[in-house]
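Inspection log for the structure reproduced underneath, given as structure tokens.
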Amino acid sequence: MQHIKIAVLGPGDFVLAKINPMTKRSLPLLAGLMLGGAPYIFAADPPVLAPISKELTALQPVALLPDHDAQITFTDKAKGGTPSTFTPLPGDGRAFRVVAVARGKNNYDIEVDVRTSAAAHKGDVAIEGGIAWLPHLMWRMDKNYKALRSPTPWLKKLSSEYIREYVRLTTQLIEEPENPEHILQIFQMMDAKNTVTFSSDYPHWDFDNPKMALPPLRGELKERILWRNAAALYRFGGSAQ
Amino acid sequence: MSEPGKAKTRHEVATLAELPPGARKIVTIPNSGKGMQIGVFNVGGRFVAYRNICPHAGAPICEGRISGTTAASPVGEYVLAREGEILRCPWHGWEFDLLNGEHLVDAKTRLRAYPVEVSPATAAQDDLESFEVEINDGLVWVLV
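Structure, rendered in structure tokens:
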């Protein structure tokens, strides 16, 4: 067993989750909920979560691994209509408000915590979920925000701008269009120069070889995706920005 | 409909009595081809006029609800402000600032605005003057 950080619950409030990296089955579930137009995110598996003190954890990025069985709640009361899927709410009720909760590929969500992110946190990284789904999600969230600003007046910019600033995706399960140029276009749509980092998915048998997996990249985009963005995210030596 | 460089035409659209603060009137501009509609609003004593077409999807925006909205606030708190100054599109709920026609999220998206003038009812047309609250029997004009 090993410990990884999986979520930031509130200002200075962290959780640890015990996971088995080989099976992924003991990953805590994250569930999103829109209440009166305000999005919330809940840790849905409290037994494996334990708060630790602020002092123990330098502010670190968070890796969110999609649980492919997770059911995400998305009820948009501001706009009306029937709630989509539901996940039982956690017993402990700890929650933090997020900029946006929206369904991505494989039933998992992107979450950004306004307060903690703005304070010191450089953002979260969603891994092993591919990337090509993000651009249209950004467009959709912006479209919805344009009609639904009033329930979330604390937001200061478009959802896509928060995503560019705080959300990072990694390349594994990289989409492989017939024409490799097309993935470069998707990189452009999602500002991959700032949002995408390479990942290998090691030790899975179908992991990505860094020399083979990605389409031909050049110049700054290559440098940033292959290492600079990750170095900046995890604050390894040398500034990448 | 006016074109760049073309002189605008004044259209009488309402009497002042029809447009007290908070009121609106939607008029069809005569001889405007397809029957151009313009909404004239009295926003707390200030007159504004906008084309009755939402720049988002073409809805009759001027028929939307006039209200206030939530002001910028800390997370989880709601502060209502600007009552009577926000026009909400009847189709998709986009909020526009009635005072300048700008969409509250994306100011680049704005309603098509027209100048409004107010004159005493008995004055000749070349005596047009800017609106004063004391004028009670005036006429409201839109320049198209």
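Chains A and B supply the protein sequences, listed in that same order.
Position one of the first sequence corresponds to residue 1 (our numbering), numbered consecutively onward.
Position one of the second sequence corresponds to residue 1001 (our numbering), numbered consecutively onward.
Beta carbons: idealized from backbone N, C-alpha and C, even for Gly.
Residue i - DSSP class collapsed to helix/strand/coil
{"i": "A:E220", "result": "helix"}
{"i": "B:H1011", "result": "strand"}
{"i": "A:T171", "result": "coil"}
{"i": "A:L226", "result": "helix"}
{"i": "B:A1081", "result": "strand"}
{"i": "B:A1071", "result": "coil"}
{"i": "B:F1096", "result": "strand"}
{"i": "B:A1057", "result": "coil"}
{"i": "B:A1023", "result": "coil"}
{"i": "B:L1087", "result": "strand"}
{"i": "A:A213", "result": "coil"}
Boundaries of the alpha helix (DSSP H) in which residue i is found, first to last residue
{"i": "A:W139", "result": "L134 to A147"}
{"i": "A:Y162", "result": "S159 to Y166"}
{"i": "B:E1063", "result": "Taken as a continuous stretch (DSSP letters only), B:E1063 belongs to no alpha helix (DSSP H), as it is neither H nor E."}
{"i": "B:E1102", "result": "Taken as a continuous stretch (DSSP letters only), B:E1102 belongs to no alpha helix (DSSP H), as it is neither H nor E."}
{"i": "A:M189", "result": "E181 to M189"}
The beta strand (DSSP E) enclosing residue i, as first and last residue numbers
{"i": "B:L984", "result": "Nothing about residue 984 of chain B can be reported from this structure: the residues present for chain B run from 1001 to 1144 only."}
{"i": "A:A192", "result": "That residue, A:A192, is in no beta strand (DSSP E); its alpha helix (DSSP H) goes A192 to T195."}
{"i": "B:E1117", "result": "V1116 to P1120"}
{"i": "B:F1047", "result": "R1046 to R1051"}
Beta-carbon gap between residue i and residue j smaller than 8 Å
{"i": "B:V1105", "j": "A:K156", "result": "no"}
{"i": "B:R1065", "j": "B:R1088", "result": "yes"}
{"i": "B:N1042", "j": "B:A1057", "result": "no"}
{"i": "A:T242", "j": "A:L169", "result": "Nothing in the structure corresponds to residue 242 of chain A, since chain A is present only between 1 and 241."}
{"i": "B:V1048", "j": "B:L1019", "result": "no"}
{"i": "A:P180", "j": "A:P216", "result": "yes"}
{"i": "A:F198", "j": "A:I225", "result": "yes"}
{"i": "B:V1144", "j": "B:I1053", "result": "no"}
{"i": "B:G1068", "j": "B:L1080", "result": "yes"}
Chain A residues whose Cβ lies nearer than 9 Å to that of residue i
{"i": "B:A1057", "result": "What B:A1057 touches in chain A: nothing, since even the nearest Cβ is about 10 Å away."}
Partner residues on chain B for residue i, Cβ-Cβ distance less than 8 Å
{"i": "A:W154", "result": "A1072, S1073, P1074, V1075, G1076 and E1077"}
8 Å Cβ cut-off: residues of chain A touching residue i
{"i": "B:E1105", "result": "It should be pointed out that residue 1105 of chain B corresponds to Val in this sequence rather than to Glu. Correct list: Y145, K146, R149 and L158."}
{"i": "B:E1095", "result": "R149 and S150"}
Cross-chain neighbours of residue i in chain A, by beta carbon under 7 Å
{"i": "B:R1063", "result": "The residue you asked about is not Arg; residue 1063 of chain B is Glu in the sequence shown. What B:E1063 touches in chain A: nothing, since even the nearest Cβ is about 17 Å away."}
{"i": "B:T1069", "result": "S150"}
{"i": "B:H1161", "result": "Since the first residue of chain B shown is 1001 and the last is 1144, residue 1161 of chain B is not available in this structure."}
Beta-bridge partners of residue i, as assigned by DSSP
{"i": "B:Q1037", "result": "B:T1028"}
{"i": "A:A231", "result": "According to DSSP, A:A231 bridges with nothing at all."}
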